[in-house]
Each structure stands twice: as C-alpha cells, then as structure tokens.
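K.L.:
Each step along the sequence shown adds one to the number in my numbering, with nothing skipped, and position 56 is 56.
From the three backbone atoms N, C-alpha and C, an ideal C-beta is built for every residue, glycine too.
Since the structure is predicted, the reported quantities are computational estimates derived from the model, not experimental observations.
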Amino acid sequence: MPVADRWHLPPELIYHVIESLVPLNPHAILPPSHISTKTLLAMARVCRDVYAITTKLLRQRCIYIETDRRLANLLLCFHRFVPSMPPVLSLRNITSLYLEPFGDKLDDLPTAIWVRELFCEVSESLRRLVVMMPFQSLDPLDDHLNVRRILREGFERLHKLEEFVCIGDYPALSLQDDPTDVWRLWPDLQRLTLFGVPIDNHWLWWDIATLPKLQHVILACAESSVGVNIKDEYFHKLPRDDARLDRDIKIVLMDGRPTYTGMSTARWDEIDPKRKMTIELHENSRIYVII
1 MPVADRWHLP
11 PELIYHVIES
21 LVPLNPHAIL
31 PPSHISTKTL
41 LAMARVCRDV
51 YAITTKLLRQ
61 RCIYIETDRR
71 LANLLLCFHR
81 FVPSMPPVLS
91 LRNITSLYLE
101 PFGDKLDDLP
111 TAIWVRELFC
121 EVSESLRRLV
131 VMMPFQSLDP
141 LDDHLNVRRI
151 LREGFERLHK
161 LEEFVCIGDY
171 PALSLQDDPT
181 DVWRLWPDLQ
191 RLTLFGVPID
201 NHWLWWDIAT
211 LPKLQHVILA
221 CAESSVGVNI
231 KDEYFHKLPR
241 DDARLDRDIK
251 IVLMDGRPTY
261 TGMSTARWDE
271 IDPKRKMTIE
281 LHENSRIYVI
291 I
C-alpha cells in the first residue's frame, strides 16, 4: 500500500490504548517486574508521540523503590532531561510512591539521607505513600548517627500527604525533643494504615481525633485490644462540641486470628448517638461491621 494511502489512528485512540495498559485500580503502585511497567517502558521508546503519556503514567503508577540502589538512581534522575524528546513532567511531580530502601537494619546513614532528599524533592506533590522500613531495628539509645532524626526531617516535609500506609513496623520516629508521631504532623491526611499498634494507647486516639480530615483508618495486627472501648477512647479526647468529632470516620481492625473478641462496646449509643464512627473487624477472612 502506498504511504499516502495508509490509515493513521487518531492520537486520542492511541492514548486510550496506552492508558488501558495499567490496572483499573488507581491505588495500585506497580513494581518494575510488573508486565504493565515493562510495557510502558517499551512504549516510551516507540515514538515521540507516545513518549509524554507513557512517562506520565510511569511517574503516576510505577514509582516503586525497593532497594537503596534504585533510590540512589532515582535521585540522580531528578535533574536530568532528554533535550531531543518532548518535555515531560518533572519527577518532582510524583503523586504516589512505594518505598522500601533499607535492608534488615535502619542504621544506614547514606540511605536515610537519600530518603530525606527524596522527600524534600517531592514534598509539594506526593499524596500517597506506602513504606516498609525496619523502624524497630534501631533503638533510640543506639542511634549514634542520628538516622532517626534524619528520617524524621524527611517525613515532616510531606505536608500535603493524603494517604499513608506503613507495612510491618510501626513508624516510630519520635525523638526526646520531638515526641509527636510523625504521621500526626500531616494536616491533609485522609487515609491511614498502621501495623502492630497497641489500640489501648491514649496518644493513638488523640492523634486520630485531632487530624481534621482523617476519614479511614486501618489498624492491622493491632495489639492490646482486650477491654478497649474504641469509641470511648476516640470521642473523649476532645470536647463534645469540637467540629473534628462531627466527621464520619471508619476504623478497620484486621488480623488473621480472632484477636478482637475482648473489645468493649459498652455505652456506644450514648457515646456516639449520631453514629459518626463505623468499626469493621476483619478476622479469618470474615468481616464484621459494628456500628
């Protein structure tokens, strides 16, 4: 067929096909090994017309940092560009990130500094962060290199974060001169997931109650649940007429074992007459909704 007679697909149709390469779940952050990530990388090398949209999708859905080396390489790319290719969004516009740069130990000063640098770079754009770090591996008394302080300085910069998921260890970065949990410092936080939290802790419910936009909290493998009255803990942290207590909030307790049977539900109708808080129990693949 002569070149002049060939059919050309409209760019909008091509873009739609490329966008269909990623999973429908908008919250999924894809690792480098995922077929969608590999396909997007291949498509980015096809032609100039699709370079912009594929690099945009890679930045939105595929920033998955699971080693210190990958973190270092990402930082090197922040100030690079390809002059022969169409301009694309800077890496500073990352909105979702999976971060697992440490090995078994948190006591790694170079990696901590890289994490702080990364958070400084994306602090204005990052909205969703999933981390897996061995926070419990470094006792504050053994932190001679100030790794915890350096990490805290980075986490504190994420003032526009809306969703935080911490897998494994609780993000214990409190300091003697700065004891507030770091996730309490993010005023726009709406969704929170934590592992291994003692739910009888006063400060846990104080932090949850005083974050004005927090709507969804998942506490996985929570500890010390026997006798705890969650609604009593939450609604008595602030004055009853405080506007922050008038928002709808869902608390999800998750565990593979039946660990929440001793939790108290006394006086819930009195404590929460408007049913502003919903509590769900996920145990042994079963879901129980407690209003």
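Who pairs with S96 in a beta bridge, going by DSSP?
P.N.:
Counting from 1 along the sequence shown, the entry for residue 96 is found at position 96. BP columns for S96 point to R128.
K.L.:
Under DSSP, the beta strand (DSSP E) around E280 begins and ends at which residues?
P.N.:
Against the sequence shown, residue 280 aligns to sequence position 280. Note, E280: beta strand (DSSP E), M277 to E283.
K.L.:
Use the C-beta contact count for T293: other C-beta atoms within 10 angstroms, 16 or more gives buried, fewer gives exposed.
P.N.:
Residue coverage of the chain in this structure runs from 1 to 291, which leaves residue 293 outside it and unanswerable.
K.L.:
Just to confirm my understanding: we take I14, look at its own chain, exclude 5 residues before and 5 after, and list those with CB closer than 8 Å. What are they?
P.N.:
The residue you call residue 14 lines up with position 14 of the sequence shown. So the qualifying residues of the chain are D49 and V50.
K.L.:
Would E124 be called buried (16 or more neighbouring beta carbons within 10 Å of its own) or exposed?
P.N.:
Counting from one through the sequence shown, the residue named residue 124 turns up at place 124. The residue is exposed, with fewer than 16 neighbouring Cβ atoms inside 10 Å.
K.L.:
Determine contact between the stretch 157 to 166 and the stretch 177 to 191, defined as no fewer than three beta-carbon pairs at a distance below 8 Å.
P.N.:
Touching, per the Cβ criterion.
K.L.:
What residue from H16, L106 and C47 has the CA that sits closest to D143's CA?
P.N.:
By one-based count along the sequence shown, residue 143 stands at place 143. The shortest C-alpha separation from D143 is found at L106.
K.L.:
Applying the 10 Å Cβ sphere with the 16-neighbour rule, what's the burial state of T67?
P.N.:
Here the question's residue 67 lines up with position 67 in the sequence shown. So T67 counts as exposed.
K.L.:
Tell me which residues share the same chain as T193 and place their Cβ nearer than 6 Å to its Cβ, disregarding the 5 neighbours each side in the sequence.
P.N.:
Numbered from its first residue, the sequence shown carries residue 193 at position 193. Excluding positions up to five away in sequence, the list reads V165 and I218.
K.L.:
Less than 8 Å between the beta carbons of R240 and P212, yes or no?
P.N.:
Residue numbering aside, residue 240 sits at position 240 when the sequence shown is read from its first letter. Residue numbering aside, residue 212 sits at position 212 when the sequence shown is read from its first letter. No; because the gap between Cβ atoms is not below 8 Å, this pair is not in contact.
K.L.:
One question on the structure: do G154 and F119 come within less than 8 Å of each other, judged by their Cβ atoms?
P.N.:
Position 154 of the sequence shown, counting from 1, holds the residue named residue 154. Position 119 of the sequence shown, counting from 1, holds the residue named residue 119. Contact flag set, yes.
K.L.:
What separation, rounded to the nearest whole angstrom, lies between the Cα atoms of R149 and I63?
P.N.:
One-based indexing of the sequence shown puts residue 149 at position 149. One-based indexing of the sequence shown puts residue 63 at position 63. R149 and I63: Cα-Cα distance of roughly 25 Å.
K.L.:
In whole angstroms, give me the CA-to-CA distance for L145 and K160.
P.N.:
Counting from 1 along the sequence shown, the entry for residue 145 is found at position 145. Counting from 1 along the sequence shown, the entry for residue 160 is found at position 160. Their backbone Cα atoms lie some 28 Å apart in a straight line.
K.L.:
If I'm right that Q136 touches A112 with Cβ under 8 Å, what's the distance once you round it to whole angstroms?
P.N.:
Mapped onto the sequence shown, residue 136 falls at position 136. Mapped onto the sequence shown, residue 112 falls at position 112. Contact doesn't hold; Cβ gap of about 15 Å is too wide.
K.L.:
Give the straight-line distance between the Cα atoms of G262 and D181, rounded to the nearest whole angstrom.
P.N.:
The residue given as residue 262 occupies position 262 in the sequence shown. The residue given as residue 181 occupies position 181 in the sequence shown. The alpha-carbon atoms of G262 and D181 are separated by roughly 27 Å.
K.L.:
For H216 and V130, what's the separation of their Cα atoms in angstroms?
P.N.:
Position 216 of the sequence shown holds residue 216. Position 130 of the sequence shown holds residue 130. Near 15 Å, if we compare the C-alpha coordinates of V130 and H216.
K.L.:
To the nearest angstrom, how far is it from the Cα of S174 to the Cα of A42?
P.N.:
Stepping through the sequence shown from its first residue, residue 174 is reached at position 174. Stepping through the sequence shown from its first residue, residue 42 is reached at position 42. C-alpha separation (whole angstroms): 43 Å.
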